[in-house]
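*Asks:* Structure below; questions to follow.
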Amino acid sequence: MGRMYTPGKGISKSAIPYRRTPASWVKATPEDVCEHICKLARKGVPPSQIGTLLRDAHGIPLVSSITGTKIVRILRANGLAPEIPEDLYFLIKKAVSMHKHMERYRKDNDAKYRLSLTEARITRLARYYKTSGQLPPTWKYDSKTASTLVS
Numbered sequence: 018m019g020r021m022y023t024p025g026k027g028i029s030k031s032a033i034p035y036r037r038t039p040a041s042w043v044k045a046t047p048e049d050v051c052e053h054i055c056k057l058a059r060k061g062v063p064p065s066q067i068g069t070l071l072r073d074a075h076g077i078p079l080v081s082s083i084t085g086t087k088i089v090r091i092l093r094a095n096g097l098a099p100e101i102p103e104d105l106y107f108l109i110k111k112a113v114s115m116h117k118h119m120e121r122y123r124k125d126n127d128a129k130y131r132l133s134l135t136e137a138r139i140t141r142l143a144r145y146y147k148t149s150g151q152l153p154p155t156w157k158y159d160s161k162t163a164s165t166l167v168s
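At the far end of the sequence shown sits residue 168, using this note's numbering, and the numbering has no gaps.
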């Protein structure tokens, strides 16, 4: 698939195992895994890091093979899901730091261009999340109030 803002095509990727059942050496029960996920979410760990921590510290290779559901769906069922999706959150955080940079270095034209690309990506992603129902239809990105979203 072609990239949005770079010329590369990119073919390198990882693949999850085809078998949907958990490996025979995994001793964790679905209840234990859900408990670990909720505990980490209460500490403020984002969903992508929850999966990494479970893999590295607890020896749980794939949450969905053990529990049957994904991490964000488990968090949503327990009322712990983030209010805006994680990828959109980090794009907004990046744009806020770029705005802060632009206030100090007004003549940095490359940063200005990269900021416009980042904000276009935020707009496109927000449009997708509105149509899929993960964001309310009235949600709007505003660069002036974006710092309150990520604080």
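For glycine and all other residues, C-beta sits at the position ideal for the given N, C-alpha and C.
#1: Kindly indicate if chain B contains any beta-carbon less than 7 Å away from that of K87.
#2: Just how far apart, CA to CA, sit A163 and D125?
#3: Quick check on P34: buried or exposed, where buried means 16 or more other Cβ atoms within 10 Å of its Cβ?
#4: Which first and last residues belong to the alpha helix (DSSP H) in which T135 is found?
#5: Relative to the alpha-carbon of K161, which residue among I109, S149, L142, A128 has its alpha-carbon at the smallest distance?
#6: Spatial neighbours of M119 within its chain, please: C-beta separation below 8 Å, excluding the five flanking residues on both sides.
#7: Just to confirm, is the Cβ distance from V50 to I83 under 7 Å?
#8: Let's see if you can read the secondary structure: which residues bound the alpha helix (DSSP H) around D73?
#9: Just confirm the distance between the C-beta atoms of A112 and T148, as a whole number of angstroms; I'd bet it's less than 8 Å.
*Replies:* Considering the structure as presented:
#1: Within the model displayed, chain B is absent; a lone protein chain is all it includes.
#2: Stepping through the sequence shown from its first residue, residue 163 is reached at position 146. Stepping through the sequence shown from its first residue, residue 125 is reached at position 108. Approximately 21 Å between the Cα atoms of the pair.
#3: Taking the first residue of the sequence shown as 1, we reach residue 34 at position 17. Burial call: exposed.
#4: Here residue 135 refers to the residue found at position 118 of the sequence shown. Residues 126-148.
#5: In the sequence shown, the residue the question calls residue 161 occupies position 144. Closest by alpha carbon: I109.
#6: In the sequence shown, counting from the first residue as 1, residue 119 sits at position 102. Correct list, in chain order: D125, A128, K129, L132.
#7: One-based indexing of the sequence shown puts residue 50 at position 33. One-based indexing of the sequence shown puts residue 83 at position 66. With a cutoff of 7 Å on beta-carbon distance, V50 and I83 are scored as near each other.
#8: As a working note, residue 73 is residue 56 in the sequence shown. 64-75 is the extent of the alpha helix (DSSP H) around D73.
#9: Locating residue 112 in the sequence shown gives position 95, counting from the first residue. Locating residue 148 in the sequence shown gives position 131, counting from the first residue. No, A112 and T148 are not in contact; Cβ-Cβ is about 21 Å, not under 8 Å.
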